[in-house]
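Residue 15 is where the sequence shown starts when you use our numbering, and the numbers rise one by one after that. For every residue, glycine included, the Cβ atom is placed at its ideal position computed from N, Cα and C.
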Amino acid sequence: TIWYGYISDVDDQKKIEQKLLIAELEAKNSSLYFKKIISQIPGAVLTIEIDKKGDSIFAILSEEKKYSNINDLDSFFKLIHPDDFQILVSEFDRSQEKMESLNIELRIKFKNTNEYVWYIFQAMPERDENDNLIFYGYLGEISELKESQIKALDAKEDAEKANQAKTEFLSNMSHEIRTPMNAILGFSELLIGNTKGAKYHDYLNGIIAGGENLLMLINDILDLAEIESGKMDLDYLPTNINQIVKEFYQIY
Numbered sequence: 015t016i017w018y019g020y021i022s023d024v025d026d027q028k029k030i031e032q033k034l035l036i037a038e039l040e041a042k043n044s045s046l047y048f049k050k051i052i053s054q055i056p057g058a059v060l061t062i063e064i065d066k067k068g069d070s071i072f073a074i075l076s077e078e079k080k081y082s083n084i085n086d087l088d089s090f091f092k093l094i095h096p097d098d099f100q101i102l103v104s105e106f107d108r109s110q111e112k113m114e115s116l117n118i119e120l121r122i123k124f125k126n127t128n129e130y131v132w133y134i135f136q137a138m139p140e141r142d143e144n145d146n147l148i149f150y151g152y153l154g155e156i157s158e159l160k161e162s163q164i165k166a167l168d169a170k171e172d173a174e175k176a177n178q179a180k181t182e183f184l185s186n187m188s189h190e191i192r193t194p195m196n197a198i199l200g201f202s203e204l205l206i207g208n209t210k211g212a213k214y215h216d217y218l219n220g221i222i223a224g225g226e227n228l229l230m231l232i233n234d235i236l237d238l239a240e241i242e243s244g245k246m247d248l249d250y251l252p253t254n255i256n257q258i259v260k261e262f263y264q265i266y
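Okay, here's the thing in structure tokens:
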């Protein structure tokens, strides 16, 4: 029996095969590591590739089933609330034209759901070596945040209404007090000229001083709106300390 054959050195080939196996294992571990990281993100990481013809590929790196029916821009746009659709299209056009990131809050209703839910959509565009446009982005639900913002706005509006009602009440009350107070001051000044005796003059001066102080307080109340807005002006006037002490003595 005659055997025909050859012997060849395959050491280099074995080394190459070993390197390929190691690279494949590292790629598999890297992919698994990347998936674990993605699974911890509260939302979905995505890529949108748009070629020169305008055809698009929408890839979402998420295991949530609600994203499974999105495979291009058209299928994504169909899920957008009508009031937010044109805003999203405008943002895409602006982002493509200026090659700037887009950041938009919009309402999306996925299939098998009954209502629109608020999401934040963020993406950064860039061109690949074939001049295709690629967006690298993120899509995350912000329903709780929007609900908190709406509640905060409602609370702000209620506070503003309550503050307006308070200001109107104080203004009306001040005007109602001012009218009889002016009458008291006017009659007191008339009585001074028709009353004899220093004792009674002091009483009437006390009434007039107290009334004038009360009118100043009423004026301050009428200026409450300016005080609350930080527009209160201070008037610097000469002061007679002796007169102030005397007025306090007469009042109290």
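Consult DSSP for residue i and reduce its assignment to one of helix, strand or coil.
i, result
"Met138", "strand"
"Asn146", "coil"
"Ile101", "helix"
"Leu248", "coil"
"Gly57", "coil"
"Ile122", "strand"
"Asn128", "coil"
"Lys175", "helix"
"Gly211", "coil"
"Asn256", "helix"
"Thr10", "With the chain covering 15 to 266 only, the question about residue 10 has no answer from this structure."
"Thr193", "helix"
"Ser82", "coil"
"Ile16", "coil"
"Asp237", "coil"
Tell me, please, which residues DSSP counts as bridged to residue i.
i, result
"Ser76", "In the DSSP output, where bridge partners are listed per residue, Ser76 has none listed."
"Glu155", "Tyr133"
"Glu63", "Ile71 and Ile148"
"Leu116", "Ala137"
"Ile94", "Ile122"
With a Cβ-Cβ cutoff of 9 Å, do residue i and residue j count as a contact?
i, j, result
"Phe124", "Lys160", "no"
"Ile148", "Thr61", "yes"
"Ser109", "Ala137", "yes"
"Glu34", "Ala58", "Before going on, a small fix: residue 34 reads as Leu here, not Glu. Contact flag unset, no."
"Met195", "Leu218", "no"
"Ile84", "Leu120", "no"
"Ile118", "Val131", "no"
"Asp145", "Lys29", "no"
Write down the C-beta distance between residue i and residue j rounded to the nearest angstrom, noting that I regard them as a contact closer than 8 Å.
i, j, result
"Ile232", "Ser188", "5 Å"
"Leu199", "Glu226", "7 Å"
"Ile235", "Leu184", "5 Å"
"Phe99", "Phe90", "Not confirmed; about 11 Å, so no contact."
Relative to the C-alpha of residue i, which residue among the options is closest?
i, options, result
"Gly224", "Thr253, Ile258 and Thr209", "Ile258"
"Leu116", "Phe262, Ser157 and Pro139", "Pro139"
"Glu129", "Ser104, Leu153 and Ser157", "Ser157"
"Glu182", "Asp25, Pro96, Asp237 and Ile16", "Asp237"
"Glu261", "Asp247, Asp216 and Ile235", "Asp216"
"Leu87", "Lys213, Asp97, Gln100 and Glu63", "Glu63"
"Tyr263", "Asp247, Gly220 and Leu248", "Gly220"
"Arg192", "Lys175, Met230 and Lys210", "Met230"
"Ser82", "Asp107, Phe106, Glu111 and Asn126", "Asn126"
"Leu153", "Asn186, Ala169 and Glu78", "Glu78"
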